[in-house]
Structure formats: structure tokens, C-alpha cells
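Working notes, beginning with the structure itself.
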Amino acid sequence: MKRWKQVPVKAKWVLLALIFCLLLLPWLLKWFSHEEHKATWLWDASIIAEQTPEIISFSKEQGVNVIFLQIQDEVSDDTYRTFIAAAKVAEIEVHALNGHADWAYTEKRAEGLAFIERVRAYNAASAKNERFEGVQLDVEPYQLERWENEESRVIAEWQDNMKAWTEAGEDAGLYMSAAIPFWLDARQSSGNEGTFSHWVISHFDAVAIMAYRDSGQQMYDLSKEELDEADDLGKKVWIGAELADTHEGDHLTFFRKPISNMDEEMEKVFKLGSTHSSFAGVAVHHYEAWYAKKNGIPLARKDDEQK
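Following this line, the structure appears as C-alpha cells:
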């Protein structure tokens, strides 16, 4: 004690500051490690019946904090409850995933509403730690023939449907997000209310931009306008990375590249995206392809599967 009293006041403050920093170090490391959040799509929900521990462990290791999990009739509610409860323990949110290309059409609006109602009813019948945090809608009408001839009309119907869906989701207390292509900023919304991307972002809590390229810089560049729009609107944006096979060109996916290449390019996305308050992280499409790639499991190309 006498020695401590002999230490100069300035030195005491330096020592106390060092001790304080050391005490904070574990918390700071944990905080920074959670900065690079990721999401992933899990389409084949049937695998959660037997692979929940592996899925949660892998997702946690990769920094995933959101899983978009498809709702399938053949998967029981109890199976979903078990999976979500395990994910919650690992601090991973689970959002109910669904959508079809023709859901954009007026006559299919009810199907989207029925899906949201199903999630609402499931949550109402489940414990708090077993509930879906939100809903992600993947509706891509531009895959259908009608888009070529009636693009403006399809956009108008799609907007009306999205407005109804997001209102229903909000009433159900669900975080609403949508997977959208990067080029919606090049389309006008119905009624000329600005870009179509701005309209979509304004109605959802978040969007996942399918900015699929094998370059982190290009992924960011394709998403920048949406990030800027979301910054202004106070919404969130995931930038999508494709790891599965595609017939649209190898430059759109990391399918044939080493997993280390995707990790390096994702780091570039995080660095560039971090300049935006709206940036929510990288969304990897999809879990099964990611798991196989990380574990060195060969994946069949689409051409091979058809043979």
C-alpha cells in the first residue's frame, strides 16, 4: 500500500486505464467479432429434422445471425419449434421463407397472405423461444413469360400485393424482408413514385439484394443505390452472394472457385458495405451449397443432375 502511495498520480491513472482496457478486451473482441453478420437461405427444411445440431454449429462458426428457412407442409410445427429454439440459444434468428414467381399477380395475392397468416398462427401457438422473428418473401415474376410483354402491369400488381403482405406482416408483429434483384433501381414504381427499389425498400423492413457476382467490388457496386436508398429510409440491406450452380454464367457464382476466394471477396463487401448505416451483412445462397463447399463435399452441376 505504501508503494502505491509513492506512485505518481499520472502513473496511477495510466495503470488504471490499462487495467480498465484489459477488463474490456473480451467484451470488445466479442463485439467486433459480431460486426460481420451473415445470413443464409435454407430451402430444404426437411433436413432440420435430423441435422439441427450440425446446421446451428456450422452457421455459428460462419458468423450467421439470420437463417431464412423455408416453410414446407411435410415438416411438422414441432420440428420447426425444436430448430428455432436451438437457433435462439446460439443467438441466431430464424425467418420463415417462401414465395413463388406468380405470387406477384393479383390473383395470387391470397397465397402470400395465407403464408403470412400461417406464420402468425404458428407463432401464436408456440413459446417465445420457438417463434419465427420474421418473414422473407422471394417472389421473382421476371422469370415468367408475362414479364416480357406486361412489365409495367406486373410491377403494379406486384406492388399492390407487397403492400398487402407487408401490412399483414406488420399486424402479425413480423420483421418483413424481401429478396430482390439488383436492377430494380432501373425500373420505375407504379404511379411514378420513384425507383421501384426505393418503393420496395420503403415498404419492407429489409431487403436482400441478389447482387450475384464473383467479385466483392461488383457485388457492392450493384447494391450501392439500394444501400443509399435504405440509408435515407432507415431500412436494412443484405448483399447476396451466390455459391450454388447457375446456368447464367460462372461470373455470377463462387460455385467453381475455392471457398477461400469467396471468403476474400466477402471481406471486401464487408469493408465497402460498412460505410452504410443500412448494411446488414452478406446473405449466402444457400446453406446446403455453403456447407458442402466448406467441408469439401463435391456438388453436382445442374447439367450433371439432368443427365
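So the number in this note's numbering is just where the residue sits in the sequence shown, counting from 1, plus 121.
A virtual CB, placed ideally from N, CA and C, is assigned to each residue, including glycine.
Its chain contains Leu218, Gly220 and Ala300 as the residues whose beta carbon lies nearer than 7 Å to that of aspartate 259, once the 5 sequence neighbours on both sides are disregarded; these appear in chain order. Distance between phenylalanine 204 and serine 197, taken at the CA atoms: about 11 Å. With at least 16 other beta carbons inside 10 angstroms of its own, valine 215 counts as buried. For tyrosine 296, the pairing in a beta bridge is given by DSSP as Gly255.
Linking tyrosine 243 to glycine 312 through their CA atoms gives a straight-line distance of about 36 Å. Judged by pairs of C-beta atoms under 8 Å, the region 319-339 touches the region 277-287, as three or more such pairs exist.
Assignment of beta-bridge partners to phenylalanine 189 by DSSP yields Trp162 and His216.
Under the three-pair Cβ rule at 8 Å, the region 394-404 does not count as touching the region 367-376. Annotation for isoleucine 237: the continuous alpha helix (DSSP H) segment containing it runs 230-245.
Under the rule that a run must span 4 or more residues, the alpha helix (DSSP H) segments found entirely inside the region 314-360 read 317-324 and 337-354. Going by beta carbons, tryptophan 411 and threonine 161 fall inside the 9 Å limit. Secondary structure note for phenylalanine 391: its alpha helix (DSSP H) is the uninterrupted segment 380-394.
Cα atoms of threonine 316 and lysine 378: separation of roughly 34 Å, rounded to the nearest angstrom.
A distance below 8 Å between beta-carbons, with the five flanking residues on each side excluded, links lysine 415 to the following residues of its chain, in chain order: Phe179, Gln183 and Ile380. A distance of 9 Å or more separates the beta carbons of phenylalanine 325 and glutamate 157.
DSSP lists Val405 as the bridge partner or partners of alanine 362.
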